[in-house]
Amino acid sequence: MTVTISFMLQKGGVGKSTTAGILAYLLANRGKRVLVVDMDSQGNVSTLLSQRSTYTFSNETVLEAVEDENPLPYIISCGERLDLLPSDDLLAIYGRRIYELQDEGRSGASILYLKNTINKIADQYDYIFIDCPPSLNEQTTSALSASDYVITVLQAEVYAYQALPRFFETLFHIRNNVNRNLTMIGIAVGLIDRYTLQDSILEESKEEYGTLVFNTVIKRLARVAEFATLGISDARKDQKVALEMYESLLDEVLSRIENNFYDNSIYVKSLVARLDYVEEKLQQNLAEVKRIRFENSREDLIEFIKIAREWI
Ligand SMILES: Nc1ncnc2c1ncn2[C@@H]1O[C@H](COP(=O)(O)OP(=O)(O)OP(=O)(O)O)[C@@H](O)[C@H]1O
Ligand SMILES: [Mg+2]
Numbered sequence: 005m006t007v008t009i010s011f012m013l014q015k016g017g018v019g020k021s022t023t024a025g026i027l028a029y030l031l032a033n034r035g036k037r038v039l040v041v042d043m044d045s046q047g048n049v050s051t052l053l054s055q056r057s058t059y060t061f062s063n064e065t066v067l068e069a070v071e072d073e074n075p076l077p078y079i080i081s082c083g084e085r086l087d088l089l090p091s092d093d094l095l096a097i098y099g100r101r102i103y104e105l106q107d108e109g110r111s112g113a114s115i116l117y118l119k120n121t122i123n124k125i126a127d128q129y130d131y132i133f134i135d136c137p138p139s140l141n142e143q144t145t146s147a148l149s150a151s152d153y154v155i156t157v158l159q160a161e162v163y164a165y166q167a168l169p170r171f172f173e174t175l176f177h178i179r180n181n182v183n184r185n186l187t188m189i190g191i192a193v194g195l196i197d198r199y200t201l202q203d204s205i206l207e208e209s210k211e212e213y214g215t216l217v218f219n220t221v222i223k224r225l226a227r228v229a230e231f232a233t234l235g236i237s238d239a240r241k242d243q244k245v246a247l248e249m250y251e252s253l254l255d256e257v258l259s260r261i262e263n264n265f266y267d268n269s270i271y272v273k274s275l276v277a278r279l280d281y282v283e284e285k286l287q288q289n290l291a292e293v294k295r296i297r298f299e300n301s302r303e304d305l306i307e308f309i310k311i312a313r314e315w316i
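Next up, the structure:
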């Protein structure tokens with residue numbers, strides 16, 4: 005059975021693409037067949053894995069794969085057992101394009117076009133990783149609709165933390181309306197600069213997000229940043245050392261998948277935090293359109309919290 009994992013947080017530069025790329029590389033080294041789908045128009049994971057400029061993928065990307073409902077012509081090899089369905093900056097029109105395809109007569113829900121496309125070749129892979137952009141747009145909702153699991157990468161700073169409740173709300177929308185299987189498998193705390201802070205930040209994150217937080221902390225290392233321009237490699241000892249933390253993260257991810265891990269308490273906590281925010285907004289003097297949006301959100305959140313509580 006193929007396992008599909010999205011890497012997502014609607015907050016930029018926290019290390020999602022790097023983590024997705026390196027974990028895919030390590031899984032392929034462990035003998036698994038891996039496909040990485042780049043759903044971000046920045047094309048960072050495409051460049052990281054292929055060491056090519058995203059402009060060289062022009063008209064041969066995941067966008068064309070979805071248009072043709074056939075990824076095969078657009079998949080490129082980035083190593084033994086490691087394949088890539090790349091993106092370029094034109095992927096920014098993805099949201100508009102899937103609605104156009106629907107208007108042109110394609111059947112089914114537009115949010116599922118990516119899933120249907122990937123399904124054509126899913127059985128050729130053990131793992132499919134989808135790298136999401138740092139926003140809650142159609143690329144992201146399509147990726148979540150096609151996934152079994154989500155991994156969030158959190159930089160230990162306040163904006164990244166604030167992004168989580170809103171992300172859980174989206175996750176529930178997808179779970180409720182499109183993809184019942186979708187499970188948050190864990191939060192990787194990343195890009196910590198000072199070794200001395202590592203333990204306290206991990207502790208704090210665990211206090212906030214419980215067992216969802218992986219024990220492995222991703223440190224900020226020059227060797228990892230270098231992979232972006234040199235390609236991922238374990239040829240040198242210092243590179244091997246840099247990869248060790250990702251090996252340990254990968255062990256945790258695989259063990260959670262194997263043991264059907266999930267922690268509902270954090271879903272409830274995040275959704276309640278989001279509801280508090282929405283209620284606070286509704287106290288204010290909002291314009292009509294905005295008010296309706298927040299009222300809809302409140303209704304959904306109350307329902308989501310009920311469901312999340314029942315899981316426990
Ligand atoms: N462990 C690390 N040590 C040092 N640098 C890192 C590490 N992980 C990522 N980086 C660097 O940090 C920057 C942001 O990382 P990355 O592109 O993976 O983040 P992202 O969350 O995918 O960003 P975006 O939201 O824009 O897609 C990149 O320059 C990357 O090389
Ligand atoms: Mg990225």
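Here the sequence shown stands for residues 5 to 316, numbered as in my numbering.
We put the beta carbon where it would ideally sit given N, CA and C, even for glycine.
So if DSSP puts residue i in a beta bridge, which residue, or which two residues, is it bridged to?
i	result
Gln159	Gly194
Ser81	Asp87
Met43	Note: Met43 sits in no beta bridge, so no partner.
Ile134	Ser10, Val41
Thr187	Tyr153
Relative to the C-alpha of residue i, which residue among the options is closest?
i	options	result
Phe308	Pro138, Asn181, Leu86	Asn181
Asp127	Leu253, Thr6, Ser21, Tyr250	Thr6
Tyr78	Ser50, Lys294, Thr174	Ser50
Ser269	Val217, Ser10, Leu258	Val217
Gly25	Asn74, Leu116, Cys82	Cys82
Ile222	Met249, Gly235, Gln243	Met249
Ile191	Ser204, Leu175, Tyr213, Arg170	Tyr213
Phe298	Ile9, Val245, Arg179, Glu283	Glu283
Gly377	Gln106, Thr65, Ile80, Arg85	A question about residue 377 goes unanswered here, because the residues of the chain that appear run from 5 up to 316.
Glu173	Leu140, Lys285, Val193	Leu140
Leu168	Val293, Glu104, Thr156	Thr156
Val154	Ile9, Gln143, Ser204, Leu89	Ile9
Leu94	Ser151, Leu67, Ser204	Leu67
Arg227	Asn219, Thr233, Gln243	Gln243
Leu121	Lys273, Pro137, Ile296, Pro75	Rather than Leu, the amino acid found at residue 121 in this sequence is Thr. The residue with the shortest Cα to Cα distance from Thr121 is Pro75.
Asp92	Ile115, Leu116, Ser54, Ile125	Ser54
Leu234	Pro137, Ser57, Asn289	Ser57
Asp72	Arg110, Val245, Cys136	Arg110
Val38	Asp87, Phe231, Ala312	Asp87
Phe171	Thr22, Tyr271, Thr220, Ile306	Tyr271
Asn33	Ser204, Glu104, Glu292, Asp130	Asp130
Val245	Asp107, Val257, Leu225	Leu225
Cys136	Val41, Tyr266, Ser114	Val41
Leu247	Thr220, Arg295, Lys273, Lys285	Thr220
Val193	Leu158, Gln287, Asp107	Leu158
Asn123	Ile80, Val70, Pro138, Gln143	Val70
Pro138	Ile296, Val18, Asp267	Val18
Asp152	Gln166, Leu175, Asp107	Leu175
Pro90	Ser21, Gln288, Asp107	Ser21
Thr23	Ala291, Ile306, Ile134	Ile134
Gln166	Asn289, Glu256, Tyr281, Gln288	Tyr281
Ala318	Val293, Arg295, Leu286, Asp267	The structure shown does not extend to residue 318, since the chain spans only 5 to 316, so no value can be given for it.
Gln143	Ile125, Leu116, Thr215	Leu116
Please confirm whether any heavy atom of ligand 3 lies closer than 8 Å to the CB of residue i.
i	result
Asn141	For the structure depicted, ligand 3 is absent and the ligand set comprises only ligand 1 and ligand 2.
Exercise. If we count Cβ pairs, one from each stretch, closer than 8 Å, do we get three or more for the segment 255-272 versus the segment 295-307?
Worked result: no
Exercise. Do the segment 5-25 and the segment 58-77 touch if we need at least three Cβ pairs shorter than 8 Å?
Worked result: Not touching, per the Cβ criterion.
For this session: Decide yes or no for the touch test of the segment 84-101 against the segment 27-47: beta carbon pairs closer than 8 Å, at least 3 of them.
Result: Three or more beta-carbon pairs drawn from the segment 84-101 and the segment 27-47 are found closer than 8 Å, and the two stretches are therefore classed as touching.
Problem set entry | the segment 226-246 in contact with the segment 270-288 per 3-pair CB rule at 8 Å | no
Exercise. Considering only residues of the segment 193-279, which uninterrupted beta strand (DSSP E) runs meet the minimum length of 3 residues and lie entirely inside it, listed in chain order?
Worked result: 217-223
Exercise. Quick one: any contact between the segment 144-153 and the segment 26-37, if contact means 3 or more CB pairs under 8 Å?
Worked result: Using a C-beta cut-off of 8 Å, the segment 144-153 makes no contact with the segment 26-37, since fewer than three inter-stretch Cβ pairs fall below that distance.
Exercise. Using 8 Å as the Cβ pair cut-off and three pairs as the minimum, do the segment 169-186 and the segment 206-220 touch?
Worked result: no
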